[in-house]
Amino acid sequence: MAVDRPTRRRFTSLALAAAFAAACGGSAPPEAPPTPEPPPAPATLLLGEYASLTGSEATFGQSTHNGAVLAIEERNAAGGVLGKQVELRSYDDRGDTSEAGSAVNRLATVDQVVAMLGGNGSSISLAGGRVAQQLGVPMVTPSSTNAAVTQIGDQVFRVCFVDTYQGYVAARFATDHLKGDLVATLYDQGQAYSKGLAEEFEAQFTRLGGKVGTSQSYTGGDADFSAQLNNIKAAQPDVIFVPGYYTDVANIAMQARKIGITAPLLGGDGWDSARLAAVAGEAVEGSYFISHYTADDPRPEVQAFVTKYQAKFGAPPDALAALGYDAARLTLDAIGRTPTGARTEIASALAATKDFAGVTGNISMDAARNASKSAVIVQIKEGKPTYVIDISPPEVAALEGAAAPAGATPAEAAPAAAPAAAPAHP
Ligand code: PHE
Numbered sequence: 323m324a325v326d327r328p329t330r331r332r333f334t335s336l337a338l339a340a341a342f343a344a345a346c347g348g349s350a351p352p353e354a355p356p357t358p359e360p361p362p363a364p365a366t367l368l369l370g371e372y373a374s375l376t377g378s379e380a381t382f383g384q385s386t387h388n389g390a391v392l393a394i395e396e397r398n399a400a401g402g403v404l405g406k407q408v409e410l411r412s413y414d415d416r417g418d419t420s421e422a423g424s425a426v427n428r429l430a431t432v433d434q435v436v437a438m439l440g441g442n443g444s445s446i447s448l449a450g451g452r453v454a455q456q457l458g459v460p461m462v463t464p465s466s467t468n469a470a471v472t473q474i475g476d477q478v479f480r481v482c483f484v485d486t487y488q489g490y491v492a493a494r495f496a497t498d499h500l501k502g503d504l505v506a507t508l509y510d511q512g513q514a515y516s517k518g519l520a521e522e523f524e525a526q527f528t529r530l531g532g533k534v535g536t537s538q539s540y541t542g543g544d545a546d547f548s549a550q551l552n553n554i555k556a557a558q559p560d561v562i563f564v565p566g567y568y569t570d571v572a573n574i575a576m577q578a579r580k581i582g583i584t585a586p587l588l589g590g591d592g593w594d595s596a597r598l599a600a601v602a603g604e605a606v607e608g609s610y611f612i613s614h615y616t617a618d619d620p621r622p623e624v625q626a627f628v629t630k631y632q633a634k635f636g637a638p639p640d641a642l643a644a645l646g647y648d649a650a651r652l653t654l655d656a657i658g659r660t661p662t663g664a665r666t667e668i669a670s671a672l673a674a675t676k677d678f679a680g681v682t683g684n685i686s687m688d689a690a691r692n693a694s695k696s697a698v699i700v701q702i703k704e705g706k707p708t709y710v711i712d713i714s715p716p717e718v719a720a721l722e723g724a725a726a727p728a729g730a731t732p733a734e735a736a737p738a739a740a741p742a743a744a745p746a747h748p
């Protein structure tokens, strides 16, 4: 859906006025004072966005969209970019990969955006990213963490951490903090994010000396998880890792508690939605998940953002709102560093981004167009994600190397840079 088109309407009325003036021009008396030139149409810069605004991941799109809108509004109030006001052209991919592909195509070819934000889930960004790469339009995903997303090519960037890292953080937390020796995983086999993160977690947890009792899968939208949950119950795990999206996780948590599973549930960033606790209530109370940010982080830039967002949208910003805000601000910053705002210049400027102060942390693009950032672990307390601990990144390259050698002892495989969890906010 196109969110708004004020510029187009304005062009139309100016064009009509010009046509009318031209039609009347010939008969105007020569002594008539010259008609004042109409003010030039405000030059706008069109930024694209595709987001999951409806469907089972609807809060992902709504939050990132709100964050982007806030960032653009602020930048426009401060004079815009390259002397132009920024307009956002936004489409709903409905959480559907083929919708994402056509939205990106439309943004690139019909709307002719200079760059775009999107998508939310990794499978969506894999579909949209391939089109963006092919058409040569820079794309910045706020939230897609699967490693393969930026591997598509030099047009695809992200402002969030990568799942090689997130899997490590989850494994570390399950080992050090939850004291888990035996885990079970339950993932969505149809989502690149969920499957990839489960694999990453299992590899890292095993490397840290733990054992994976059982690994179960489902398909997003399934109603009945009893077969998988009964297998998990029989394995008697200390911790259950459920790297899915919030709608399925709510059902999984409720059904797990109902059959008497009491082990702590640990999730990935896909749990981040107010809908999770609203739907699952007590079933997720006390559970943990990995996030990009918390609204209770005392850093002044975080608190300023939380206050502005709350005032504008009437709800506290979740991590996706913060990532949408950071993605938009970082993209506008990059555009502002180009000579003319051409797509190729924007891709180079994005790649050159260093030490951008985001709400979700400091963002520098590495050679693979990824941001190396710390992760926060939160616990759901009275329905709200509450800060527990930060884990900051060792070199992602070292981590990737560490996951590889089969048969390596944990000591050999562990990168020396791997940090212990630090119990303090940055
Ligand atoms: N990381 C998830 C994915 O790649 C998307 C997500 C990010 C969801 C942050 C919620 C919060 O699919």
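For what it's worth, the working numbering labels the leading residue of the sequence shown as 323, then goes sequentially.
The C-beta atom is built at its ideal place from N, Cα and C for all residues, glycine as well.
Segment contact: the segment 634-649 against the segment 372-392, three or more CB-CB distances shorter than 8 Å; contact assigned. Note on T507: 16 or more other CB atoms within 10 angstroms of its CB, so buried under the neighbour-count rule.
By the C-beta criterion, the segment 370-388 is judged to be in contact with the segment 562-580, since at least 3 inter-stretch pairs fall below 8 Å. Here I657 carries a helix assignment [DSSP, helix/strand/coil]. Contact between T431 and L457 holds: CB atoms are separated by about 7 Å, below the 8 Å threshold. In the structure shown, D619 falls within a coil segment according to DSSP collapsed to helix, strand and coil. For V481, the secondary structure class from DSSP, reduced to helix, strand or coil, is coil.
Relative to the non-hydrogen atoms of the ligand PHE, the Cβ of H614 comes within a distance shorter than 7 Å of at least one.
Each residue's CA atom was taken as its position, placing P661 and S686 some 21 Å apart. The beta-bridge partner set that DSSP reports for L367 consists of V408. I574 places its beta carbon less than 8 Å from that of V564.
The bridge partners DSSP lists for S537 are T507. Around the C-beta of G531, fewer than 16 other C-beta atoms lie within 10 Å, and the residue is accordingly described as exposed.
The criterion of a C-beta distance shorter than 8 Å is not satisfied by S466 and G489. Taking a C-beta distance under 8 Å as the contact criterion, L368 and E396 do not qualify as a contact pair.
In the DSSP annotation of this structure, the continuous segment of the alpha helix (DSSP H) that includes D570 starts and ends at 568-580. Restricting attention to alpha helix (DSSP H) runs no shorter than 4 residues, the segment 379-434 encloses them at 380-399, 419-431, ordered along the chain. Excluding its 5 nearest sequence neighbours in each direction, I657 has C-beta neighbours in its own chain below 6 Å: V403, G663, I668, listed in chain order. Here D688 has S694 as same chain residues with Cβ atoms under 7 Å from its own Cβ, once five neighbours each way along the sequence are excluded. Pairing T682 with Y615, the inter-Cα distance amounts to about 5 Å.
Selection A626, N468, R428, P586 evaluated against V459 yields R428 as nearest (Cα-Cα).
In summary, T541 is exposed, with fewer than 16 beta-carbon neighbours lying within 10 Å of its beta-carbon over all protein chains present. The segment 594-652 contains, as complete alpha helix (DSSP H) runs of 4+ residues, the segments 596-602, 622-635 (chain order). Taking a C-beta distance under 8 Å as the contact criterion, F635 and N388 qualify as a contact pair. Taking 8 Å as the upper bound for CB-CB distance, D415 and I446 are in contact here, some 6 Å apart. T629 counts as exposed, since fewer than 16 other C-beta atoms from the protein chains shown sit within 10 angstroms of its C-beta. Counting along the chain, K703 sits inside the beta strand (DSSP E) bounded by residues 697-703.
For a cut-off of 8 Å, the C-beta gap from Q455 to V478 is around 6 Å, short enough to register as a contact. Your pair T463 and E522 does not check out as a contact, with CB atoms roughly 18 Å apart and the cut at 8 Å. For V471, the enclosing alpha helix (DSSP H) begins and ends at 470-473. Inclusion of Y372 and G451 in the CB contact set at 8 Å is not warranted, their separation being larger than that value.
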